[in-house]
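As C-alpha cells, the structure follows; a few thoughts come after it.
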Amino acid sequence: MTHSPVLFQEVMDALQPRAGGRYLDVTAGGGGHAVGVLERSGPDGRLMGTDADPQAVERVTERLRPFGGRAVVARGWIDDAAAMATTAGMTPLDGILADLGLSSYQLAEAERGFAFMREGPLDMRFSAGEGHEPTAAPLVNRAELDELVGWLRAYGEIENPRRVAEAILGARPITTTTQLRDIVAGVARSGRRQRIHPATLVFQALRIVVNDELGRLQRALPDLIAALAPGGRLAVITFHSLEDRMVKVAFREAAIERTAIPGFGSDQVEQAAAVTLVTHKPIEPTEAEIEANPRARSAHLRVVEKR
Ligand SMILES: C[S@@+](CC[C@H](N)C(=O)[O-])C[C@H]1O[C@@H](n2cnc3c(N)ncnc32)[C@H](O)[C@@H]1O
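Per my numbering, residue 387 is the first one in the sequence shown, and the count goes up by one each step.
Set out below in C-alpha cells:
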C-alpha cells in the first residue's frame, strides 16, 4: 500500500523546484510530493519535511535517504514548521507545501482510529505516541450534547447533527470505531448526495477537533508566508470547505495593498502587499485523478507568491 500524492503535477507546476532552491513540506506524509521536489531541484536543492505523525517521519526519513544531506525530516505541527525551518537554517524558503488531512497509511492502520471500516480504538491523533492531547474517546464520551452538535455541524457539515449527537449520547460509552460507525449509520442520512458514508463526516469532524486542525492552520499561514523568500511560493491543498475558506481569506488578506490616507494619522501608512495570488480560484483534481484516487475528491489547491 502506498499514498498517491494528490494534484502532484499541479503542485510541481506551482512550486517550480529548481537547483539550489530551499523547500519545506509541512505535511510530509508518505513523502510523495517531497520526492518530486527533490528530483526536480537536483543536484543541490534542499528540502525539509515535517509531519505531526512520528510514523510518517520515520517513513519519510527512510524514503528520502537516497537524497542524503539534501533532505532533512523532523516531527512537528504545521504551526511550528516555519520556526523549525528557521532553526534548521532553511529560511528564507523558495517553496512551501501543505497537503492537509490524512494519509492513506493513517487510514490503513486500524489502531490509529481514523477509519470506520476497521475496528480500532477512538484515537484519531496525528501525533499518537508523542503528544498529550486528548484522543477522540473522551470527546465522544464526555462532550455535552450542544458541543457535539456544534462540532458535527461545523466540521462534519452533516445534515442532521442533533439526531446523530443524540444517538451518540444514548449509546455511551463508545469505545471503538466500528461501534461509532454503526450508531451513526443507524440514524444519519448519507452526506453529499449519497456518495459517501455518513460516518465519514462524523469521523472527519472528530479528527479536526482532536488535532485542532483549523486553529493550527490559521496560526500557521502568516508564519509560512513570512518564511518565504521574494518570489517564493506557498501551495496549500485542503480537503474541507472551512479550511479552503480559511486559506482563501488569509491569502487575499496578504495580497491586499494598503495605501496611505493623507491626514488620517500615522497608523494609516502605506504597506505593500506581502504576496500576489497565483490562483484566483482553487485548482481541483481532474475526473481522471478522482477516478484513480478517490481520496482526491474534495481537494482544493491555492497558491500565492511572495513579493
Ligand atoms: C495528505 S497527507 C500528506 C501526503 C504527502 N503530501 C505525500 O505526498 O505523501 C497529510 C499528512 O499531514 C499530516 N498532518 C495533517 N495535519 C497536520 C498538522 N496540522 N500538522 C502537522 N502535520 C499534519 C498528517 O499526519 C499526514 O501525514
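The beta carbon of each residue, even a glycine, is placed where N, CA and C say it ideally should be. What you are looking at is a predicted structure, and each value in this text was computed from that prediction instead of being measured.
query: How many Å lie between R548 and P616 at the Cα?
result: Going from the Cα of R548 to the Cα of P616 covers about 48 Å.
- request: In angstroms with no decimal places, state the Cα-to-Cα distance between V570 and S427.
  value: CA-to-CA, the gap between V570 and S427 works out to about 47 Å.
- prompt: Is it buried or exposed for T332, if we count other Cβ within 10 angstroms and need 16 for buried?
  reply: Here the chain covers residues 387 to 693 and nothing more, so residue 332 does not appear.
- prompt: Would the stretch 533 to 550 and the stretch 476 to 490 be scored as touching if the rule is three or more Cβ pairs under 8 Å?
  reply: No: fewer than three Cβ pairs fall under 8 Å.
task: Identify which residue in R498, L592, R581 has its Cα closest to the Cα of R710.
output: With the chain covering only 387 through 693, there is no way to say anything about residue 710.
task: Confirm the yes/no value for this check: CB of I464, any heavy atom of ligand 1, distance under 7 Å.
output: Yes - ligand 1 has a heavy atom lying nearer than 7 Å to the Cβ of I464.
message: Suppose the cutoff is 6 Å on Cβ atoms and the five residues either side in sequence are ignored; what does the same chain contact list for A438 look like?
response: Contacts found: W463, F512, S513.
task: Give a yes or no on whether the C-beta atoms belonging to L424 and F453 are separated by under 8 Å.
output: Yes, the Cβ-Cβ distance between L424 and F453 is below 8 Å.
- request: Go through its chain and collect everything with a Cβ distance to V392's Cβ below 8 Å, but skip five positions before and after it.
  value: The residues are D485, I623, P671, E675, N679, R681, A682, A685.
query: Quick one: is the Cβ of L607 within less than 7 Å of any heavy atom of ligand 1?
result: Shortest gap from the CB of L607 to any heavy atom of ligand 1: 7 Å or more.
First through last residue of the beta strand (DSSP E) which encompasses A685: Premise fails: A685 is in no beta strand (DSSP E) and is neither H nor E.
query: What do you get for Q590, buried or exposed, if any count of 16 or more other CB atoms within 10 angstroms of its CB means buried?
result: Flag for Q590 reads buried.
For Y409: DSSP bridge partner residues: Looking at the DSSP assignment, Y409 forms a beta bridge with L433, G481.
query: Is H686 near ligand 1, with its Cβ less than 7 Å from a heavy atom?
result: Taking 7 Å as the cut-off, the C-beta of H686 does not count as close to any heavy atom of ligand 1.
- prompt: Can we count D439 as close to ligand 1, meaning its CB is less than 7 Å from some heavy atom?
  reply: Yes, Cβ of D439 sits closer than 7 Å to a heavy atom of ligand 1.
- prompt: Should A414 and G435 be called a contact, given that it needs their Cβ atoms to be closer than 8 Å?
  reply: Between A414 and G435, the gap from beta carbon to beta carbon is short of 8 Å.
task: Leaving aside the five residues before and after A469 along the sequence, list all residues of the same chain whose C-beta is less than 8 Å from its C-beta, in chain order.
output: Taking A469 as the centre and dropping the five residues before and after it, the same chain places the C-beta of D609 closer than 8 Å to its C-beta, in chain order.
message: If I follow the unbroken beta strand (DSSP E) through I642, where does it start and stop?
response: Per DSSP, I642 lies in no beta strand (DSSP E) segment and is marked neither H nor E.
message: Rounding to the nearest angstrom, what Cα-Cα distance links D509 and G572 in this structure?
response: The straight-line gap from Cα to Cα measures roughly 22 Å.
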